[in-house]
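**Student:**
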């Protein structure tokens, strides 16, 4: 019996789920070529649908790690792209027509690293985005171009301010430089080689 199947482990996981009000989860442990997985709880409460090792979960902002990885591939394999990218590259030089902030001073200093580390000076402004459910939803480019109309609340590089929008900007950067849809770039360069065949992208 593996560690994942012991009564103590199962009891511990069930207790944690109860304490933190988690309806369901799946755990997978990979050790070399051996994969062990086990599901707990429900994927849906109404009607009750048990989780299985094949249940697909929305990873929400954990996807930012994949976006950052995709940008890292642009940096590491810069010789493959017509525009060279480094962490300290200015966003306004990489996306000159699109990346414009509300002040010229900010536009002229924000780098790729600032975008990914939430240090652009821009607060969340999440309500400025027209979601995919809207009649005329925003695109990654329109969201980027709208930055010029949004007020900064801090001087760039000085303060951590969590920004979903800037990761959309990073997606636009990836698509522009790679000339590929973000989903295709991610699957070709990361998910495919890792054998993550059940992982897909979708609208947030």
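Residue numbers (the UniProt record's numbering): 1 to 204. A virtual CB, placed ideally from N, CA and C, is assigned to each residue, including glycine. None of the values given here were measured: they were computed from a predicted structure.
1. For residue 150, which residues of its own chain have a beta-carbon under 7 Å away from its beta-carbon, when the five flanking residues on both sides are left out?
2. With DSSP as the reference, please indicate the residues paired to residue 28 in a beta bridge.
3. Can you name the start and end residues of the beta strand (DSSP E) that residue 48 belongs to?
4. If we count the other Cβ atoms within 10 Å of its Cβ and call it buried at 16 or more, is residue 160 buried or exposed?
5. Counting pairs of beta carbons, one from the segment 161-174 and one from the segment 109-121, are three or more of them closer than 8 Å?
6. What residues in its chain sit with their C-beta under 6 Å from that of residue 43, if we drop five residues either side in the sequence?
7. When DSSP labels each residue in this structure, what does residue 199 get in the three-state scheme?
8. Do the segment 69-78 and the segment 187-196 make contact, defined as three or more Cβ pairs closer than 8 Å?
9. Per DSSP, which residues does residue 171 bridge with? Please list them.
10. Helix, strand or coil: how does DSSP classify residue 158 here?
11. Anyone know if the C-beta pair for residue 183 and residue 197 falls short of 9 Å?
12. Residue 108 to residue 59, Cα distance in whole Å?
13. Am I right that residue 104 and residue 152 are in contact with their C-beta atoms under 8 Å? What's the rounded C-beta distance?
**Tutor:** Here's the rundown:
1. Counting only residues of its own chain and dropping the five nearest sequence neighbours on each side, residue 150 has a CB closer than 7 Å to the CB of 102, 122, 125, 128.
2. DSSP output for residue 28 lists 37 as bridge partner(s).
3. Unbroken beta strand (DSSP E) run through residue 48: 48-50.
4. So residue 160 ends up on the exposed side.
5. Yes, the segment 161-174 is in contact with the segment 109-121.
6. So the qualifying residues of the chain are 24, 49, 51, 55.
7. Here residue 199 sits in coil by DSSP.
8. Remark: three or more beta-carbon pairs, one from each stretch, lie closer than 8 Å, so the segment 69-78 and the segment 187-196 are flagged as touching.
9. Residue 171 is not bridged to any residue.
10. In this structure, residue 158 counts as coil in the three-state DSSP scheme.
11. No. Outside cutoff.
12. Approximately 34 Å, taken between the alpha carbons.
13. Wrong, their Cβ atoms sit about 12 Å apart, outside the cutoff.
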